[in-house]
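According to my numbering, the sequence shown is numbered sequentially starting from 74. What follows is one structure encoded as structure tokens, with my remarks underneath.
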Amino acid sequence: MLVNPVIRRSNPLLWALLLGGAITSTSAMAEVSSEIAVTNDYRFRGVSQTAGDFAVQASLDWSHDSGFFVGAWASNVEFDEDGTPKEDQVDADFELDVYLGYAGEINDNLAYDITLLRYMYPGDNVSQDYNEISFGLEFSDFRAAYWYTNDYAGSDLDYHYAELNYSYEFAENWSLDLHLGYNFGDAPDDDMGKYLDYSIGVSTEIAGFGLSVAWLDTDIDSDAEISSGTFQNDGTVLASVSYAF
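As structure tokens, this is what we get:
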């Protein structure tokens with residue numbers, strides 16, 4: 074069963090919780106699904122998008138049993154340090170992603186998805202909107218994906234991201250979740266250089282709520298490590314609560 078690739082993007086641990094969900098269905102011609110989540114920090118590829126603070130996130134998806142899907146995902150964000158002059162502020166309060174794609178199966182054990190995404194930051198003073206494309210493969214408990222944009226955050230710089238995820242059910246309704254991502258291209262080189270982000274955690278579902286907790290970190294050089302304020306990229310405990318309906 075394939076799940077929303079943008080949900081995986083926002084929190085690689087959540088995809089394991091949603092494998093029993095219904096982003097695609099063989100029992101109906103089309104289906105609408107939604108999810109709301111709360112997390113203590115919105116980390117995008119190891120970097121905080123909320124200055125280390127809580128985030129409330131929500132998604133709405135429509136999928137057809139032919140494999141086509143469309144959807145939207147949103148989260149609050151914080152890109153401005155306290156005291157930043159008004160003319161230098163990004164001034165975006167939330168992120169809105171819209172996407173469309175196709176998901177299919179090669180055989181009973183191997184599935185794939187192709188997704189085109191548009192990242193938008195309504196209200197920002199400097200346009201950071203950009204497009205990205207992703208290709209994903211799922212085999213057994215593994216998921217691999219590659220993401221590419223030629224205009225990361227409106228910078229006209231390319232950004233590549235490759236990731237590998239693994240989820241192992243070690244007890245009934247409990248999973249061990251592993252994630253490894255590699256960030257490369259002109260955009261990360263211009264800022265933090267090529268780097269890895271990784272996490273290890275556990276997830277479960279209780280009374281319809283998805284719960285996850287993990288340790289997340291990067292190998293960013295200590296000279297470029299940020300431990301407070303905007304764009305934190307140091308190691309942290311990441312906890313999430315979600316509900317799908």
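Glycine is no exception: its CB is placed at the ideal position from the N, C-alpha and C atoms. Note that the structure is predicted; figures quoted are calculated from it, not measured.
Taking the alpha-carbon of residue i as reference, which of the options has the nearest alpha-carbon?
{"i": "E245", "options": "Y225, T277 and A226", "result": "T277"}
{"i": "W288", "options": "A312, T303 and E205", "result": "A312"}
{"i": "S121", "options": "E205, G274 and S300", "result": "S300"}
{"i": "F142", "options": "G308, D186 and R216", "result": "D186"}
{"i": "L210", "options": "Y203, N204, Y219 and D202", "result": "Y219"}
{"i": "N238", "options": "V275, N223 and S148", "result": "V275"}
{"i": "V171", "options": "Y194, E178 and K267", "result": "Y194"}
{"i": "S272", "options": "V310, S295 and E178", "result": "V310"}
Is it true that the CB of residue j sits closer than 8 Å to the CB of residue i?
{"i": "A176", "j": "G140", "result": "yes"}
{"i": "E242", "j": "L253", "result": "no"}
{"i": "G119", "j": "T291", "result": "yes"}
{"i": "G196", "j": "A226", "result": "no"}
{"i": "E168", "j": "Y203", "result": "no"}
{"i": "F215", "j": "H233", "result": "no"}
{"i": "L173", "j": "L189", "result": "yes"}
Report the three-state DSSP secondary structure of residue i (helix, strand or coil).
{"i": "S213", "result": "coil"}
{"i": "Y225", "result": "helix"}
{"i": "A297", "result": "helix"}
{"i": "D114", "result": "coil"}
{"i": "A124", "result": "coil"}
Please report how far the alpha carbon of residue i lies from the alpha carbon of residue j, in whole angstroms.
{"i": "S248", "j": "S213", "result": "14 Å"}
{"i": "V111", "j": "F318", "result": "15 Å"}
{"i": "I293", "j": "A260", "result": "14 Å"}
{"i": "T303", "j": "S315", "result": "24 Å"}
{"i": "D262", "j": "V199", "result": "21 Å"}
Just checking my contact of residue i with residue j at CB under 8 Å: how many whole Å lie between their CB atoms?
{"i": "A103", "j": "S148", "result": "About 26 Å separates the two Cβ atoms, so there is no contact after all."}
{"i": "D134", "j": "V105", "result": "7 Å"}
{"i": "Y115", "j": "A128", "result": "4 Å"}
{"i": "T222", "j": "D229", "result": "At roughly 11 Å, the Cβ-Cβ gap does not stay under 8 Å, so T222 and D229 are not in contact."}
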